[in-house]
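First residue of the sequence shown: 1, per full-length UniProt numbering; consecutive thereafter.
Since the structure comes first, as structure tokens, the remarks are kept for the end.
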Amino acid sequence: MPELIPESGPDTGGATEFTDEFNSASKKPPATQPSISKPFWTPPKRGHIKVNVDAGCFADGRTGWGMVARNSAGLVIHSATKVELLTVSPLLAECLGLRWVIPWAAEQNFSNVVFETDAEMVVNCIQGTLKM
């Protein structure tokens with residue numbers, strides 16, 4: 001059965017256009033103090049594939065998703081982006097991102113897959129630790 005865990009840090013992994021567009025649409029004022037934490041990615045166990053997925057909601061009514069699949073050596077197996085004219089909440093956008101990548105992983109016949117997202121609420125709902 002696939003595993004779903006919260007993402008431990010931002011992950012661009014080849015989805016550059018999506019990330020650039022998301023970052024330009026999500027400009028924030030500069031922080032008054034520099035951040036001391038560094039983003040990092042933890043590889044899956046040997047013989048496993050990790051699929052990172054993230055979503056973004058844009059002011060023009062579009063919703064976008066990005067995904068990166070890597071093996072235990074950290075090599076990118078596949079990356080993709082998708083944008084639709086769809087206005088949804090960020091929480092629903094994250095759910096739809098998983099709905100997009102889970103069937104893709106099944107079609108690849110991966111037997112050991114870990115899905116990683118930064119949407120903690122979605123993870124908690126799927127794991128049964130939060131009810132909505």
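Think of the CB as a built atom: it goes at the ideal place given N, C-alpha and C, for glycine as much as any other residue.
CB-CB under 6 Å to residue i, same chain, minus the five flanking residues each way: which ones, in chain order?
i   : result
A78 : Here residue 78 is His; the residue named in the question, Ala, does not match the sequence. So the list reads A69, once near-sequence residues are dropped.
P90 : C57
R62 : V83, L85
Taking the alpha carbon of residue i as the point to measure from, which residue in the options has its own alpha carbon closest?
i    : options             : result
A55  : N124, H48, G64, K45 : G64
E120 : L92, T87, F110      : L92
Grab the span of the alpha helix (DSSP H) containing residue i for me, first residue to last.
i    : result
W100 : 90 to 107
Could you tell me the boundaries of the beta strand (DSSP E) in which residue i lies?
i    : result
N124 : No beta strand (DSSP E) contains N124, which is instead part of the alpha helix (DSSP H) from 120 to 127.
G74  : Looking at the DSSP string, G74 is not in any beta strand (DSSP E), and its letter there is neither H nor E.
T42  : That residue, T42, is in no beta strand (DSSP E); it is neither H nor E in DSSP.
M63  : Here residue 63 turns out to be Thr, not Met, going by the sequence shown. Counting along the chain, the beta strand (DSSP E) containing T63 begins and ends at 62 to 70.
Could you check the C-alpha separation between residue i and residue j for me, to the nearest Å?
i    : j    : result
V123 : E84  : 23 Å
E107 : C95  : 19 Å
K131 : C125 : 6 Å
T129 : E116 : 17 Å
V88  : R46  : 37 Å
A80  : G97  : 11 Å
Return yes when the C-beta of residue i is under 8 Å from any heavy atom of the ligand NAP, and no when it is not.
i   : result
T87 : You won't find the ligand NAP in this model; it holds no ligand whatsoever.
Please list, in chain order, all residues of the same chain as residue i whose beta carbon is under 7 Å from its beta carbon, the five residues on each side excluded.
i    : result
K82  : G64, W65, W100
N109 : none
By Cβ distance below 8 Å, which residues in the same chain neighbour residue i in space, the five residues on each side in sequence not counted?
i    : result
A73  : P43
S111 : none
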